[in-house]
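**Q**
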Amino acid sequence: MELTVTNPQGPILECRVAGALDRLETQAFIDALKQAIAPSTRGLILDCAAMPYMSSAGLRAIMIIGKTLMAQDARFILCGLSGLALEIYTASGFSQIFPPVESMDDA
């Protein structure tokens, strides 16, 4: 898993995750995003178009980041979910908490 954070100084973080978000990668994912989230962050867009799979540990990581953002009244938007990653995300009910959108343009 590779995480790229763009616009780190702006109020809206744009991040891209490439590769599976599984048990082995979740702590690095959480740590990197928590470090990127500043008190002035008003939103985070996570581009998941290059993420083929997410495990239950990955879902937990999404929830931790989402709660971190909600605590400072910031929005969390996932985009580009497809295939197995989208199936897992939807089946878990997370799509009701953080509704995904199709693309970065939609976010």
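Residues in the sequence shown are numbered from 49 upward in steps of one, following my numbering.
Backbone N, C-alpha and C fix where the C-beta goes; we use that ideal spot for every residue, glycine too.
According to DSSP, which residues form a beta bridge with Ile60?
**A** In DSSP, Ile60 forms a bridge with Gly91.
**Q** Taking just the CA atoms, how far does Ser130 sit from Tyr137?
**A** The straight-line gap from Cα to Cα measures roughly 10 Å.
**Q** For Ile125, write down the residues that DSSP places opposite it in a beta bridge.
**A** Note: Ile125 sits in a beta bridge opposite Ile93.
**Q** Using CA coordinates, which residue listed in Glu135, Asp95 and Thr52 is at the minimum distance from Ala84?
**A** When each option's Cα is compared against that of Ala84, the closest is Thr52.
**Q** Of all the options Phe146, Ile125, Leu94 and Ile78, which has the alpha carbon lying nearest to the alpha carbon of Ala109?
**A** Taking only the C-alpha atoms, the option nearest Ala109 is Ile78.
**Q** Quick check on the DSSP output: the alpha helix (DSSP H) that includes Leu69 runs from which residue to which?
**A** That residue, Leu69, is in no alpha helix (DSSP H); it is neither H nor E in DSSP.
**Q** For a test of your reading of the model: does the CB of Leu132 fall under 6 Å from any non-hydrogen atom of the ligand ZN? Yes or no.
**A** As presented, the structure is devoid of all ligands, the ligand ZN included, so that no description of it is given.
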